[in-house]
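Reading through the structure tokens given below for one structure.
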Amino acid sequence: MLVERLIKIMRTYDFLNRDLELVRQLELPNWWITAGYVRNYVWDDLHGYSSRTPLNDVDILYYDPSDLSEESEKKFETILKAKLQEYNWSCKNQARMHIRNQDHPYGSVEDAMKRWPETATSVGLSLDRNQNIEIIAPHGLNDLFDLVIRRSPFYKDKEYFYKRVQSKRWLELWPKLRLIEEEGDFIED
0 MLVERLIKIM RTYDFLNRDL ELVRQLELPN WWITAGYVRN YVWDDLHGYS
50 SRTPLNDVDI LYYDPSDLSE ESEKKFETIL KAKLQEYNWS CKNQARMHIR
100 NQDHPYGSVE DAMKRWPETA TSVGLSLDRN QNIEIIAPHG LNDLFDLVIR
150 RSPFYKDKEY FYKRVQSKRW LELWPKLRLI EEEGDFIED
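Numbering (numbering that gives the first Met the number 0), first residue to last: 0 to 188.
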């Protein structure tokens, strides 16, 4: 099963437990380390890379409708940065992100993530009370493991999707990736 495969791959990352524990200590409601932190490491592994592709940032998502202030997000970023300076931490409360995204309110972290531009990016890790790794992946894990970049069915801005793929240079960094616009519609470089 892909969940077990993802956990097995992520456990090979030496700093995974440290990073998960640092975020857990913030005691954020419904928190997840998401996006490139997971996606890039899996794609590195599937490409046989011996070192990790550098991260632009580490995205931490949580859901707290009782505190919609941007200041709280900045406070959490400052706490994490003080403990671990090597990352550019980005903490975002998904209970307020619909405002920035000009969307209807999100009901959960998962609801917000399913609206991200690509399906393979919509994946995250957390720890349960027993220190077991949990996975969130509103679009499943097939595209991530099949090395597919596909626009989320909930993301409407096709132009931004293509600009994002190009600006991130994913097809250069991971040449086995395939860019797919619609089901069965393969787009070649």
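Note that beta-carbon positions come from the ideal geometry of N, C-alpha and C, so glycine has one too. Values in this document were obtained by computation on a predicted structure and should not be read as measured data.
Between residue i and residue j, which are expected to be in contact by the criterion C-beta below 8 Å, what is the C-beta distance as a whole number of angstroms?
i    : j    : result
P137 : M112 : 5 Å
V57  : Y86  : 4 Å
E117 : I148 : 6 Å
L25  : I78  : 7 Å
L5   : L140 : 6 Å
I135 : W30  : Not a contact, Cβ separation roughly 10 Å.
L45  : L178 : That belief does not hold up - the Cβ atoms of L45 and L178 are roughly 16 Å apart, past 8 Å.
S89  : E76  : 7 Å
L219 : L83  : This structure leaves residue 219 out entirely; the chain is present only between 0 and 188.
DSSP three-state label for residue i, please.
i    : result
D58  : strand
V37  : helix
W31  : strand
R51  : coil
L15  : helix
D184 : Interpretation of D184 is limited by its pLDDT of 40, a score under 50 that renders its predicted location unreliable; the figure taken from the coordinates is listed afterwards. Three-state result, D184: coil.
E117 : strand
E133 : strand
L21  : helix
Should residue i go down as buried or exposed, given a rule of 16 or more other Cβ atoms within 10 Å for buried?
i    : result
Q93  : buried
D142 : buried
L124 : buried
T120 : buried
R10  : exposed
A81  : exposed
V2   : exposed
R38  : buried
F160 : buried
L176 : buried
L19  : buried
E158 : exposed
K74  : exposed
K91  : buried
E133 : exposed
What residues in its chain sit with their C-beta under 6 Å from that of residue i, if we drop five residues either side in the sequence?
i   : result
L27 : Y61
R23 : L126
T33 : D58, L60 and G123
Keeping to the same chain, check which residues put their C-beta closer than 7 Å to that of residue i; ignore five residues upstream and five downstream.
i    : result
H103 : H97
D115 : Looking at the sequence shown, residue 115 is not Asp but Trp. Same-chain partners within the cutoff: S121, S151 and Y154.
Sorted by chain position, which residues of the same chain lie with C-beta nearer than 8 Å to residue i's C-beta, five sequence neighbours on each side aside?
i   : result
E69 : R95
Exercise. What runs of the beta strand (DSSP E), each 3 residues or longer, lie entirely inside the region 53 to 102?
Worked result: List check, beta strand (DSSP E) in window: 57 to 61 and 88 to 92.
For this session: Note down, one range per segment and in chain order, each alpha helix (DSSP H) of at least 4 residues found wholly within the region 135 to 180.
Result: For the region 135 to 180, whole alpha helix (DSSP H) runs of length 4 or above, ordered along the chain, are 141 to 144, 157 to 167 and 169 to 172.
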